[in-house]
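Number of protein chains: 2
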Amino acid sequence: MKVNPEESLKIENIVASAKVAETLDLQMINEKIKDAEYNKKRFPGVVLRMQDPKIAALVFGSGKVVLTGAKSIDSLSKGLEILGNKLRDLDIDIPKDLEYKVQNIVTSADLGTPINLNKIAVGFNLDKIEYEPEQFPGLVYRLDDPKVVVLLFGSGKLIITGGKVTGDAKRAVIKILSDLSNLGLIQ
Amino acid sequence: MKVNPEESLKIENIVASAKVAETLDLQMINEKIKDAEYNKKRFPGVVLRMQDPKIAALVFGSGKVVLTGAKSIDSLSKGLEILGNKLRDLDIDIPKDLEYKVQNIVTSADLGTPINLNKIAVGFNLDKIEYEPEQFPGLVYRLDDPKVVVLLFGSGKLIITGGKVTGDAKRAVIKILSDLSNLGLIQ
DNA sequence: ATACCATATAAATCACTTTATAAATATGAA
DNA sequence: TTCATATTTATAAAGTGATTTATATGGTAT
Chain A
19 MKVNPEESLK
29 IENIVASAKV
39 AETLDLQMIN
49 EKIKDAEYNK
59 KRFPGVVLRM
69 QDPKIAALVF
79 GSGKVVLTGA
89 KSIDSLSKGL
99 EILGNKLRDL
109 DIDIPKDLEY
119 KVQNIVTSAD
129 LGTPINLNKI
139 AVGFNLDKIE
149 YEPEQFPGLV
159 YRLDDPKVVV
169 LLFGSGKLII
179 TGGKVTGDAK
189 RAVIKILSDL
199 SNLGLIQ
Chain B
19 MKVNPEESLK
29 IENIVASAKV
39 AETLDLQMIN
49 EKIKDAEYNK
59 KRFPGVVLRM
69 QDPKIAALVF
79 GSGKVVLTGA
89 KSIDSLSKGL
99 EILGNKLRDL
109 DIDIPKDLEY
119 KVQNIVTSAD
129 LGTPINLNKI
139 AVGFNLDKIE
149 YEPEQFPGLV
159 YRLDDPKVVV
169 LLFGSGKLII
179 TGGKVTGDAK
189 RAVIKILSDL
199 SNLGLIQ
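Next comes the structure, spelled out in structure tokens:
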């Protein structure tokens with residue numbers, strides 16, 4: 019368990035969007051794909067799930083899709099390819115090379131040592147912090163660069179969300195380690 | 019019915035916990051015991067009922083069990099033994115001398131005379147009392163020693179709960195009689 | 001005649017709390 | 001009409017709060 023915080027980084031979820039066609043017949047997709055979920059009064063998109071990699075896709079009539087659940091950029095790409103093939107199986111014309119845009123990367127990390135959230139709450143820039151333990155056990159810290167939100171827990175574990183590239187998480191952790199060190203809250 | 023309050027004490031329920039094995043196959047137990055109740059989406063434990071003594075047992079996969087309903091320490095012990103035998107009948111290896119820990123004893127008592135809960139509510143330490151007659155007819159009184167909660171009713175009847183040993187109830191009643199006497203609310 | 005109100009208590013599991021993010025609808029509000 | 005927010009999906013973290021069992025008490029409500 020004695021690893022550097024930077025080495026504990028683990029991508030937990032990647033959300034990405036893409037446009038796979040000009041329009042899509044959701045009703046038809048829902049009828050032809052057995053495990054599809056479609057309830058237009060609940061939500062305007064069809065939910066499709068892949069198992070390997072385990073990714074969920076929201077498919078809209080506009081031809082746009084949202085992929086969630088990927089744990090790596092590679093699996094995200096693979097998931098989009100699989101989705102494309104699923105639609106091609108329905109005789110829908112889907113371009114070969116689908117482009118996507120990563121919208122959010124959620125990463126977990128571990129400082130390796132417990133931290134006192136109350137001290138952090140008073141030491142950090144107040145308007146960047148939100149800490150209401152009776153509402154949620156994590157302290158919410160909004161960074162400007164990288165522009166992410168970090169949830170800090172008393173155990174020393176962190177969740178970095180809002181990242182656009184995988185490197186955002188590491189940069190955020192380095193900043194937080196620096197901040198904590200400067201305040202003498204660690205080491 | 020003119021008995022001393024201390025003589026009216028009656029154990030109504032004893033809750034105890036124990037560990038009877040390292041792990042238990044709840045699915046198997048549920049299948050082999052006819053009157054077992056098991057609905058893991060409702061509750062993670064299997065419910066087993068004994069008739070003499072009438073005790074209900076919650077059995078968990080961790081090998082831990084919870085016994086409720088016993089009206090005496092003796093019947094509690096007997097109930098645990100019966101439970102052990104029931105499991106042994108299923109070819110599960112259960113130690114001979116099972117240890118248990120009493121977690122809660124509920125005892126009823128009768129002061130023998132009606133009491134005015136409104137007067138008690140103002141005379142007793144406010145932060146130890148809760149009395150909202152339109153919500154519940156009993157006055158809730160939290161004692162520090164013994165650490166129990168007593169429900170007092172206008173009829174003079176009491177419920178002492180949270181006890182760890184049978185003697186807690188008697189000590190609580192003696193304290194309450196003393197408090198009431200000092201405030202001139204009885205005799 | 002039930003059922004629920006409140007009390008304590010253990011067990012394990014669930015849902016929910018927070019954060020970010022896109023998509024396309026609906027609804028409620030200025 | 002326009003703007004805001006809710007809907008849904010995934011995901012981790014670590015809290016809280018139900019869930020179930022038994023039991024007396026005595027009010028109210030169905």
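Chains as they are written, first to last, in the working numbering: chain A, 19 to 205; chain B, 19 to 205. Don't be surprised by glycine CBs; every beta carbon is placed ideally from N, CA and C. For clarity, every value in this text was computed on a predicted model and none was experimentally measured.
Taking the straight line between their C-alpha atoms, what separation do you get for residue i and residue j?
i      : j      : result
B/D43  : B/T179 : 33 Å
B/N122 : B/L129 : 22 Å
A/K175 : A/D109 : 47 Å
B/N136 : B/K52  : 50 Å
A/L76  : A/E99  : 14 Å
A/N31  : A/I47  : 26 Å
B/G181 : B/K28  : 13 Å
A/G172 : A/D70  : 34 Å
A/A139 : B/A139 : 41 Å
A/I177 : A/R60  : 30 Å
A/K188 : B/F78  : 42 Å
B/V167 : B/D197 : 15 Å
A/G97  : A/Q45  : 22 Å
A/Y199 : A/T125 : Note that residue 199 of chain A is Ser in the sequence shown here, rather than Tyr. Distance between the alpha carbons of A/S199 and A/T125 is about 22 Å.
B/D115 : B/L169 : 36 Å
B/G63  : B/D107 : 19 Å
A/G156 : B/L101 : 43 Å
B/L85  : A/N57  : 46 Å
B/M68  : B/S80  : 21 Å
B/V158 : A/Y159 : 43 Å
A/E2   : B/P151 : This structure cannot settle anything about residue 2 of chain A, because the visible part of chain A is limited to 19 through 205.
B/K82  : A/K72  : 35 Å
B/A74  : B/S95  : 13 Å
A/P113 : A/A127 : 37 Å
B/N134 : A/N134 : 49 Å
B/V120 : A/V120 : 56 Å
Would you grab the beta carbon distance between residue i and residue j for me? Rounded to a whole angstrom, and I think it's under 8 Å.
i      : j      : result
B/Y118 : B/A34  : 5 Å
A/A36  : A/D111 : Not quite, the Cβ-Cβ distance comes to about 15 Å (not below 8 Å), so this is no contact.
A/E55  : A/V65  : 4 Å
Classify residue i as buried or exposed, calling it buried when 16 or more other Cβ atoms lie within 10 Å of its own Cβ.
i      : result
A/I204 : buried
B/E25  : exposed
B/K209 : Residue 209 of chain B lies beyond the residue range present for chain B, which begins at 19 and ends at 205; the question has no answer from this structure.
A/F154 : exposed
B/S93  : buried
A/P23  : buried
B/T41  : exposed
B/D186 : buried
B/F142 : buried
A/T131 : exposed
B/V183 : exposed
B/G202 : exposed
A/K20  : Low per-residue confidence applies at A/K20: pLDDT is 48, beneath 50, and the placement is therefore not dependable, though the value from the model is reported in the following sentence. Answer is exposed; the Cβ neighbour count stays below 16.
Bridge partners of residue i, per DSSP?
i      : result
B/G148 : For the record, residue 148 of chain B in the displayed sequence is Glu; it is not Gly. Beta-bridge pairing links B/E148 to B/V158.
B/E30  : According to DSSP, B/E30 bridges with nothing at all.
B/V124 : B/N31
A/N57  : A/F61
A/K37  : A/K82
B/T211 : Missing from the structure shown is residue 211 of chain B; chain B here goes from 19 to 205 and no further.
A/M68  : A/I73
B/K89  : None; B/K89 has no bridge partner.
B/K119 : B/S35
Should the region 160-169 of chain B be regarded as contacting the region 182-197 of chain B, the criterion being three or more beta carbon pairs within less than 8 Å?
Short answer: they touch.
Using 8 Å as the threshold, is the region 138-146 of chain B in touch with the region 89-99 of chain B, meaning 3 or more CB pairs across them?
Contact fails: fewer than three Cβ-Cβ distances are below 8 Å.
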